[in-house]
Amino acid sequence: LSLPTPPARLPYVPHVPPMALLGKVTATTFALERPRCVFDGHADASDAVWLAVAFANGEHSLLRQGTWGPSPQPLSCHLCRAASATFRNPRSRADVPPYKQLPTSRSYMTLETAAAEYSCSAPSPPVLRVGSDTACRDQGRQDPCNGPLPSPGPYRVKFLLMGCRGPKAETRWSEPILLRRAVSPGTIDPVPAHRGSDVVVITSILASLGAVLATAVLGALGAKVWGSLCHHDLGTDAFTRRSYRTHHIPPALPQPLPPGCRCSPPGLCRSV
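Numbering of the sequence shown is given in this note's numbering, commencing with residue 8 and proceeding in unit increments.
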């Protein structure tokens, strides 16, 4: 009986995207950069790429007992026994560890994707989201779904290329990925922390400068409006004085008619 050929070890290391991304790491999920062009030359059209998720080596993690049940129990501490180091690649799809076994096996596999989706020429989103399927909490589900992570971790992940005869290639394990911790209401300080004296001084100076600037702007605007009103009033007075200034004008004397012309009746002239 011949042993299965070990998968090819690829140098790619999965990682959280370095770019700014809303919700890149939350309390139950995290984003991964999509491994484009990583499996080119190793994958066939019928192959699939899986993501293996395991607790980081030698780390203590908080697992919520009964996470998949209707009434989750309080958190309890468990030692993760080098889950990523002891992880064994499944020989077939039937041996893939499902999400619901995470509390006991400390690892699972998810995000089954056709290998062609990770090729260089495939148009696809730049990131993957681990832990985004909330329907995985259903205890009756047997498929390896992408359920929310039950604790902050930390976790390690790797991509595994699987064909009809088992694993064909795998990436390296990622660095530990620690999720955000939910803040307990009892740990929130209702009294805000005192500000340092430097911050108070800088704030006061900025407030004073703002007030001075506002006063200067309002003063300049008021002066401009006042000057416009005064100019308008002066123009009106000058017009009044020019329009109603009286002078002695002698009455007009009647002009003599030209010779040989007389008016009869008045207003009509005829030649003599």
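Quick reminder that beta carbons are idealized off the backbone N, C-alpha and C, glycines included.
Fair warning: this is a prediction, and the values are worked out from it, not measured in the lab.
- Taking C-alpha positions only, E119 is separated from M169 by approximately 10 Å.
- Scanning its chain for C-beta atoms nearer than 6 Å, with the 5 sequence neighbours on each side dropped, one finds around D140 the residues C152, N153 and G154, in chain order.
- Residue range Y162 to G170 is occupied by the beta strand (DSSP E) that includes L167.
- Burial of R163 is indicated by the presence of at least 16 other C-beta atoms within 10 angstroms of its C-beta.
- Collapsing the DSSP output to three states places K231 in a helix.
- Beta-bridge analysis with DSSP links E177 to R16 and L167.
- If you check the CB distance, V23 and L186 do not come in under 8 Å.
- In its chain, beyond the 5 residues on either side, A15, L168, K175 and A176 have a beta carbon closer than 7 Å to the beta carbon of H49.
- Rounded to whole angstroms, the separation of the alpha carbons of T210 and S235 is 38 Å.
- Cβ-Cβ distances below 7 Å link G173 to P11, R98 and S99 in the same chain, with the five nearest sequence neighbours on each side left out; the list follows chain order.
- By DSSP's assignment, T117 forms a beta bridge with L58.
- Contact between A55 and A122 holds: their C-beta atoms lie close to 6 Å from each other, under 8 Å.
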